[in-house]
Amino acid sequence: MKLQSNVPTGPIEKSWDKHRFDLKLVNPANKRKFKILVVGTGLAGSAAAASCAELGYQVESFCVQDSARRAHSIAAQGGVNAAKNYPNDGDSIWRLFYDTIKGGDFRAREANVYRLAQVSSSIIDQCVAQGVPFAREYGGTLSNRSFGGAQVSRTFYARGQTGQQLLLGAYSALMRQVGAGAVKLHTRREMLDLVVIDGVARGIIVRDLVTGKLERHMGDAVLLCTGGYSNVFYLSTNANTCNVTATWRAYKRGAAFANPCYTQIHPTCVPVTGEYQSKLTLMSESLRNDGRVWVPLKKGDARKPQDIPEAERDYYLERKYPAFGNLVPRDIASRAAKQMTDDGRGVGKTGLSVYLDFKDAISRIGLDKVKEKYGNLFDMYHHITDENPYEQPMRIYPAVHYTMGGLWVDYNLMTTIPGLFCLGEANFSDHGANRLGASALMQGLADGYFVLPYTIGGYLTGTKLPKVTTDHAAFVEAEGDVIKRTKTLLDAKGKKAPSAFHRELGHIMWDKVGMGRNAKGLQEALSKIPEVRAEFWKNVSVVGVGEDFNQTLERAGRVADFLEFGELLAKDALTREESCGGHFREEHQTPDGEAKRDDDKFAHVAAWEYKGEGKAPERHTEPLTFDNVHIAQRNYA
Amino acid sequence: MNITLKVWRQKNASEAGALVEYTVSGVVPEMSFLEMLDTLNEQLVAKGQDPVAFDSDCREGICGMCDLMIDGQAHGPDKGATTCQLHMRRYKDGAVVTVEPFRAKAFPVVKDLCVDRSSFDRIQQAGGFVSINTGNAVDGNAILIPHDKAEKAMDAAACIGCGACVAACPNASAMLFVAAKVSQYALLPQGQPEREKRVLAMRDQMDSEGFGHCTNEYECEAACPKEIKVSNIARLNREYLRATLISE
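Protein sequence lines correspond, in order, to chains A and B. Residue 547 in the working numbering sits at position 547 of the first sequence; the count goes up by one each step and never skips. Residue 10 in the working numbering sits at position 10 of the second sequence; the count goes up by one each step and never skips.
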């Protein structure tokens, strides 16, 4: 396997322009002859499907939910970054590029990140034009705020519902194309395999979740926009149906999986209360703009937060990182919270939380302004915990939130399988080892609106695609594999629900492959995961039949894939003998407990190649060079 | 605590359904209502019985996938909340709770508590968009929108498309859903070029999907998890009247 990044040569500022010029164009009349299959309708998927249809391609779009509007991008709260420099505070494409590379702990590809910063402005323009109701100043201009680790105000937002509004914008563009007959939409469909013919991606096998029937779909290119794999931890801020199945199936058909160990733990989530819990809820980190994080100075201080005087509070982020204070990047804020609770200074019934206090903000800007900025987040918190954050501090704790790893893609967003593209959170490309706040929405939309629609043309004109039908042997084989797998799940007739196995896997992942990782723990995970997996196939209980609406079967299939993928994640974490961004190896830290990279040995992307059932995957590397930014230890003090 | 549930079971769209009684044990107050249903399902699977099908995804009140009529109320008893945001602390040990799907002609049952809300998507396809292709946009600040107007548009845009307004309405009318979308665009300058065409097309589609008419019951506003106001329906009616008067 060769990892050919296809990054253009020459100065980085000109790379994308030059590349766009070099890409061959598809004649307008020929576009309708190509069919593009788009899996997933989040920001990346909806944006790509709509944009490709606008260009004249035939598009078929697939989503697992009952409507394309429900993809998990909808839950992103805080905002979307763009280098508009409207506030005149010194932002630029170069600064957004630099911040993203640095935030990613120098583990992302420079040219991709530069392009992301370059197209960021167009994203805002496009969304505004679609009628996305971004927050506005009294004079009518767009409002900006500073967000998670940035010293400039470059984040655009729509209350605490930015993801929802951006997704509804992309969804409206997609619906317009569906209404015009340019996109065929398939809801309640789950992709269960990729069809590769002569080494080229030509189709997918999907299951109609209502009838349970399998369908074969053929195309000239396949776009996976299927999101991240946080649910491998069982508890995460992701939605229930978020899963790794589509990308994992693609991996098993030959697409390299890059940097699976880069997982992001978000510092501001509602703490866990019990075993039955099905998810963790994120409170947007925009809250850290006005909220102050603290724990009691004394261990085991059981007083109510209101009764703890100022002098006995430790505003530890402000103390440890005076320049950034409560706005340090996510990984740093998360680990600091863990250090406090490990130190016995955590708060709440379980001792597994820290305070996020708005008392000072309320007295500084007033209750009404706080309500306007964060009203829906406060209400959400109140609903979940039965505690009123206007009267007492919120309690927060880190939770898995986003995954930077994903299918390896080149500069064109194409995986190692020609014709298979991967966009948004599902790919590995732009965030390195850690994603900055408000950058996920930016990347999903950049890929979907402004990158893929260009690069796909280059692929389609430059490739000879023989005419095939869904009767091809590769379709028959892939469908046969899915049928066999489904039958095995149904025939196990064991005693345990798929969710119970998922929970077991989640415990292993959170304990051994979570916020702090070490060789011993990772090796334990690597020996335990195959045990759980073996028990799963023997003892899983899937009631009902395959050709029916069967949610237990859906869940079982996803858990089965997580049980394989979790092992690769742990393996990647064990192999990466350094700490960087979201990957913290306890053996590799500075005396102050900060992440310590090893640039000599690990300034590369690790991309894993599937070698067959029961065989060890092969680790390939793509070296990362930094010609435009000075590679340095991250320092937020 | 133990909770007794009367749950609507229906094999598929064509077969008749009925309420079936179950007792869920081990319920705790911090559990969400859907986690209580998860617990029921794990208990059913352990007994080899078919679990109850229900829709949910984000479980934080924003995706609009969860629905459920709980004791006759869309999304249950809490104001301004979706079913996934309802917690069991609302109920006492031994409570009897009836759980049914959202009922409307335009929302046929798929299985048990799951319904088909694709009629909402088709209303969107009829006109719920601004016709602007990728790449055509002017600079974001070239379109000035006063703060209050943007806030008002955002109030309407907060709709999550769950269908509670339809389920709560005695006429199964989709007026609040359509009004929210029409209002968002009618309030914003971006929506002006297609203002008349949009409202006519979306209303026509709404009628052809089999939704009922609005008779000012205000049940939709009471049930809406995002607390979208019926004043949007008034705006929809004005927009519709205006469009019928001035369109060619």
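Each residue gets a CB set at the ideal place from its N, CA and C atoms; glycine is no exception.
What distance in whole Å lies between the Cβ atoms of residue j and residue i, which are believed to be in contact at a cut-off of 8 Å?
i                 : j                 : result
Leu142 of chain A : Tyr86 of chain A  : 6 Å
Ile205 of chain A : Glu586 of chain A : Not confirmed; about 42 Å, so no contact.
Arg188 of chain A : Asp66 of chain A  : 6 Å
Glu15 of chain B  : Met380 of chain A : With 8 Å as the limit, Glu15 of chain B and Met380 of chain A do not qualify as a contact, their Cβ atoms being about 38 Å apart.
Glu60 of chain A  : Gly219 of chain A : 7 Å
Gln130 of chain A : Ala53 of chain A  : That belief does not hold up - the Cβ atoms of Gln130 of chain A and Ala53 of chain A are roughly 15 Å apart, past 8 Å.
Gln205 of chain B : Ile123 of chain B : 5 Å
Val39 of chain A  : Leu223 of chain A : 7 Å
Gln264 of chain A : Asn434 of chain A : 6 Å
Met340 of chain A : Val370 of chain A : Not confirmed; about 25 Å, so no contact.
Can you find a C-beta in chain A that's less than 8 Å from the C-beta of residue i?
i                 : result
Met69 of chain B  : no
Met1 of chain B   : no
Thr23 of chain B  : no
Thr215 of chain B : no
Gln73 of chain B  : no
Glu15 of chain B  : no
Ala150 of chain B : yes
Ile145 of chain B : yes
Leu188 of chain B : yes
In chain B, which residues lie less than 9 Å from residue i when you measure between Cβ atoms?
i                 : result
Pro453 of chain A : Thr134 and Gly135
Ser51 of chain A  : Asn133, Thr134 and Gly135
Thr162 of chain A : Ordered by position in chain B, no residue passes the 9 Å Cβ test against Thr162 of chain A, which lies about 11 Å from the chain.
Could you tell me whether any Cβ in chain B is nearer than 8 Å to the Cβ of residue i?
i                 : result
Ala492 of chain A : no
Pro133 of chain A : yes
Gly274 of chain A : yes
Asp561 of chain A : no
Lys279 of chain A : yes
Ala75 of chain A  : yes
Arg159 of chain A : yes
Glu137 of chain A : yes
Taking DSSP's pairing of strands, which residues face residue i in a bridge?
i                 : result
Pro530 of chain A : The partner list for Pro530 of chain A (beta bridge, DSSP) is empty, contrary to what the question assumes.
Trp608 of chain A : A:Phe257 and A:Arg619
Gln589 of chain A : A:Ala595
Met69 of chain B  : B:Ala74 and B:Glu100
Cys580 of chain A : A:His583
Pro296 of chain A : A:Arg313
Thr403 of chain A : A:Thr263
Phe501 of chain A : According to DSSP, which records beta bridges pairwise, Phe501 of chain A is partnered with nothing at all.
On the criterion of 16 or more Cβ atoms from any shown chain inside 10 Å, does residue i qualify as buried, or is it exposed?
i                 : result
Glu372 of chain A : exposed
His87 of chain B  : buried
Pro398 of chain A : buried
Leu34 of chain B  : buried
Tyr316 of chain A : buried
Gly514 of chain A : buried
Arg70 of chain A  : buried
Gln192 of chain B : exposed
His217 of chain A : buried
Lys105 of chain B : exposed
Val476 of chain A : exposed
Glu239 of chain B : buried
Pro11 of chain A  : exposed
Thr237 of chain A : buried
Ala44 of chain A  : buried
Lys611 of chain A : exposed
Ala164 of chain B : buried
Gly64 of chain B  : buried
Starting from residue i, find everything on chain B with Cβ-Cβ shorter than 8 Å and list it in chain order.
i                 : result
Phe549 of chain A : Asn12, Ala53, Val110, Lys111 and Cys114
His72 of chain A  : Asp57, Cys58 and Cys63
Name the chain A residues that come within less than 8 Å of residue i, Cβ to Cβ?
i                 : result
Ser131 of chain B : Arg176
Tyr185 of chain B : Gly131
Ser118 of chain B : Asp66, Ser67 and Thr187
Starting from the beta carbon of residue i, find every residue of chain B whose beta carbon is closer than 7 Å, and list them in chain order.
i                 : result
Asn240 of chain A : Ser56, Asp57 and Arg59
Val210 of chain A : Val110
Name the chain A residues that come within less than 9 Å of residue i, Cβ to Cβ?
i                 : result
Met206 of chain B : Those do not exist, as Met206 of chain B stays about 14 Å from chain A at its closest Cβ, beyond 9 Å.
At 7 Å on the CB atoms, spell out the chain A contacts of residue i, in chain order.
i                 : result
Asn141 of chain B : Tyr86, Thr141 and Leu142
Glu35 of chain B  : Tyr276, Gln277 and Ser278
(message) To be precise: take each residue of the region 375-405 of chain A, compare its Cβ to all Cβ atoms of chain C, and keep it if any distance is under 9 Å. Which residues remain?
(response) The question asks about chain C, but that chain is absent: this structure's protein chains are A and B.
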